[in-house]
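There are 2 protein chains.
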Amino acid sequence: MTKAVTTKQKLLQAARRQFWTRGYSNVSVRDITGEAGVDAALVSRYFGSKQGLFEATLEVLPPWDALTADPDRFLDLAVETFSQPYDPDADTDNAFTMLLTNILDPEMGETMRNHFQDGIAAPLAAKVGGEKPEQHAAMLLAVLFGAALMRKQFRLSGLAGVPTETLRAQVLHLAQAALRF
Amino acid sequence: MTKAVTTKQKLLQAARRQFWTRGYSNVSVRDITGEAGVDAALVSRYFGSKQGLFEATLEVLPPWDALTADPDRFLDLAVETFSQPYDPDADTDNAFTMLLTNILDPEMGETMRNHFQDGIAAPLAAKVGGEKPEQHAAMLLAVLFGAALMRKQFRLSGLAGVPTETLRAQVLHLAQAALRF
DNA sequence: AAGGATTGTCAACAAGTGTTGACTTCACAT
DNA sequence: ATGTGAAGTCAACACTTGTTGACAATCCTT
Numbered sequence: 058m059t060k061a062v063t064t065k066q067k068l069l070q071a072a073r074r075q076f077w078t079r080g081y082s083n084v085s086v087r088d089i090t091g092e093a094g095v096d097a098a099l100v101s102r103y104f105g106s107k108q109g110l111f112e113a114t115l116e117v118l119p120p121w122d123a124l125t126a127d128p129d130r131f132l133d134l135a136v137e138t139f140s141q142p143y144d145p146d147a148d149t150d151n152a153f154t155m156l157l158t159n160i161l162d163p164e165m166g167e168t169m170r171n172h173f174q175d176g177i178a179a180p181l182a183a184k185v186g187g188e189k190p191e192q193h194a195a196m197l198l199a200v201l202f203g204a205a206l207m208r209k210q211f212r213l214s215g216l217a218g219v220p221t222e223t224l225r226a227q228v229l230h231l232a233q234a235a236l237r238f
Numbered sequence: 058m059t060k061a062v063t064t065k066q067k068l069l070q071a072a073r074r075q076f077w078t079r080g081y082s083n084v085s086v087r088d089i090t091g092e093a094g095v096d097a098a099l100v101s102r103y104f105g106s107k108q109g110l111f112e113a114t115l116e117v118l119p120p121w122d123a124l125t126a127d128p129d130r131f132l133d134l135a136v137e138t139f140s141q142p143y144d145p146d147a148d149t150d151n152a153f154t155m156l157l158t159n160i161l162d163p164e165m166g167e168t169m170r171n172h173f174q175d176g177i178a179a180p181l182a183a184k185v186g187g188e189k190p191e192q193h194a195a196m197l198l199a200v201l202f203g204a205a206l207m208r209k210q211f212r213l214s215g216l217a218g219v220p221t222e223t224l225r226a227q228v229l230h231l232a233q234a235a236l237r238f
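Just so you know, the sequences run in chain order A and B. Residue numbers for the first sequence follow my numbering, beginning at 58 and rising by one. Residue numbers for the second sequence follow my numbering, beginning at 58 and rising by one.
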């Protein structure tokens, strides 16, 4: 009993790292079991299927909890996260890549949309004041994710040499503009 | 000679549609040749490989030419594009999906980054005034792509019921803020 | 019309995919 | 100690992937 739990957790850990950085379709079961050091058949045994394993990795989403705590802290955290260069070991960066990669995945798109809507956009809207909190939350997310997209994925040279402080100020400015307009 | 050209074009057309909407890794050679109504072996014959076919589809990028014409028109067009709901048949939407899908692809990421940098970010920066045009162009792209991301990919409910005019005004406001800060 | 090149078809390949079932190994209660 | 169930191993399955080479069909030139 307790033996199976540890193997499950080894699988979950490896699966999360791989799925989150490379996307559902680009990761094979053997990639995961290879990293976890277990047999490939155990995925079907313990999680039913590859998809079951993927969905199990979604049940632990640590970064979002912190991000949706309260609006001010959310702004600071998100802006801070963006200001840093891309770090493949950072949890928030991996979660970001994970969202992008899998929302575009033909098999996982719908699942990810619902997860983002219910787990991030809705809680954030609840914290954002104003007349139309859902709309403002969406625009705020647009600014933050757009910035992260350019910085961490497209890696535009226009942002490469810019000091961290300058970037932070710019994103904060745009984020506040998104909330107040 | 002329026969081969038409089959090449049929392949290119089908390849572009499939690659741009579903991503490089998610599209098989047989998917494309099936839609084009030709044999799968002709991909290797005419384009060397699947990757060759993909790169051939990159040489025609109609939407970006218009978008990078001049900054004002770019703003109008981009904001207009965003304001519309997601349309899987629209060229600009497909190009957007294409960029997102393939920049995250482990095999195509580097190619797409260079393409975006040289084909979009750099020309746009040349049109954008100010002291640091590259930086401002990057922030402008962050706003536009972030908005499109929330609207067309994540499909947040907070943006679903909003009138087109309101969205257009908001994005325009943020875009101008990105250029002027 | 004959010959040579271009174009298209077909089958097969080696490798990789997710998943399954039979088997062995092990731990623990009786 | 023995039997029962869980845990892990192994080989194989049916399928899809990109690519290749041999073959047939078609076209154009001479």
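The beta-carbon is built from N, C-alpha and C at its ideal position, and this holds for glycine as well. Values in this document were obtained by computation on a predicted structure and should not be read as measured data.
According to the Cβ coordinates, are F153/B and F111/B closer than 8 Å?
no
Quick check: what's the CA-CA separation for Q192/B versus M207/A?
11 Å
Using a Cβ-Cβ distance cut-off of 8 Å, determine whether H172/A contacts chain B.
no
Give me, in chain order, the residues of the same chain whose beta-carbon lies closer than 6 Å to that of M165/A; leave out the 5 immediate sequence neighbours on both sides.
Y81, N159
Closest to S140/A by CA distance: which of D162/A, T223/A, D96/A is it?
T223/A
Thinking just about the alpha-carbon of each residue, which of A72/B, G215/B, T78/B, R102/B is nearest to the one in D88/B?
A72/B
For K209/B, tell me which candidate among V185/B, P142/B, L201/B, M169/B has the shortest Cα-Cα distance.
P142/B
Drop a sphere of 10 angstroms on the beta-carbon of M58/A, count the other beta-carbons inside from all chains shown, and report buried for 16 or more, exposed for fewer.
Any answer about M58/A is weak, because its pLDDT of 49 lies below 50 and its placement is not dependable; what the coordinates show is given next. When all chains shown are included, M58/A counts as exposed.
Determine the extent of the alpha helix (DSSP H) in which R102/A is found, giving its start and end residues.
98–104
Ignore the nearest five residues each way along the sequence and tell me which others in T138/B's own chain have a CB closer than 6 Å to its CB.
T149
Residues near K107/A in its chain [Cβ-Cβ closer than 7 Å; skip 5 each side]:
V86, V100
How long is the line joining the alpha carbons of V200/A and R225/A, rounded to whole angstroms?
12 Å
Exposed or buried, what is T90/A when buried is set at 16 or more other beta-carbons lying within 10 Å of its beta-carbon?
buried
Please tell me whether N83/A has its Cβ less than 8 Å away from any Cβ of chain B.
yes
Going along chain B, which residues have a C-beta under 8 Å from L161/A?
G80, T154, L157, T158, L161, Q210
CB F238/B to CB Q227/A, shorter than 8 Å?
yes
In chain B, what lies closer than 7 Å to S214/A by C-beta?
Q174, E191
Taking the alpha carbon of L216/B as the point to measure from, which residue in R212/A, Q174/A, G105/A, G203/A has its own alpha carbon closest?
Q174/A
Would A97/B pass as a contact of K67/B if the rule is Cβ separation under 8 Å?
no
When the Cα atoms are used, what is the spatial distance from F202/B to L231/B?
12 Å
So, helix, strand or coil for N83/A, using DSSP?
coil
Between the C-alpha atoms of Y103/A and T168/A, what's the straight-line distance to the nearest angstrom?
21 Å
Are the Cβ atoms of R79/B and P163/A separated by less than 8 Å?
yes
Check this for me: beta carbons of V95/B and T64/B, under 8 Å apart or not?
yes
Shorter than 8 Å from the beta carbon of L134/A to some beta carbon of chain B?
no
Residue-chain proximity (V86/A, chain B), Cβ-Cβ < 8 Å
no
Which residue comes first and which comes last in the alpha helix (DSSP H) that contains E164/A?
Counting along the chain, E164/A falls outside any alpha helix (DSSP H), and DSSP gives it neither H nor E.
Pull out every residue of the segment 193–207 of chain B whose Cβ sits closer than 9 Å to any Cβ of chain A, in chain order.
H193, A194, A195, M196, L198, A199, V200, L201, F202, G203, A204, A205, L206, M207
At 8 Å on the CB atoms, spell out the chain A contacts of A182/B, in chain order.
G215
Using beta-carbon positions only, say whether L236/B and G187/B come within less than 8 Å of one another.
yes
Assuming the contact rule is C-beta atoms closer than 8 Å, F170/B and F211/A should be a hit. Round their C-beta distance to whole Å, please.
Sequence inspection shows Arg at residue 170/B; the Phe mentioned does not correspond to that position. Their Cβ separation, rounded to whole angstroms, is 6 Å, which keeps R170/B and F211/A in contact under 8 Å.
Pull out every residue of the segment 215–238 of chain B whose Cβ sits closer than 7 Å to any Cβ of chain A, in chain order.
G215, L216, V219, Q227, H230, L231, A234, A235, F238
Using a beta-carbon distance below 8 Å, is L71/B in contact with chain A?
Note that residue 71/B is Ala in the sequence shown here, rather than Leu. Closer than 8 Å: no.
Quick one: what does DSSP say M58/A is sitting in, helix, strand or coil?
Interpretation of M58/A is limited by its pLDDT of 49, a score under 50 that renders its predicted location unreliable; the figure taken from the coordinates is listed afterwards. Correct three-state label for M58/A: coil.
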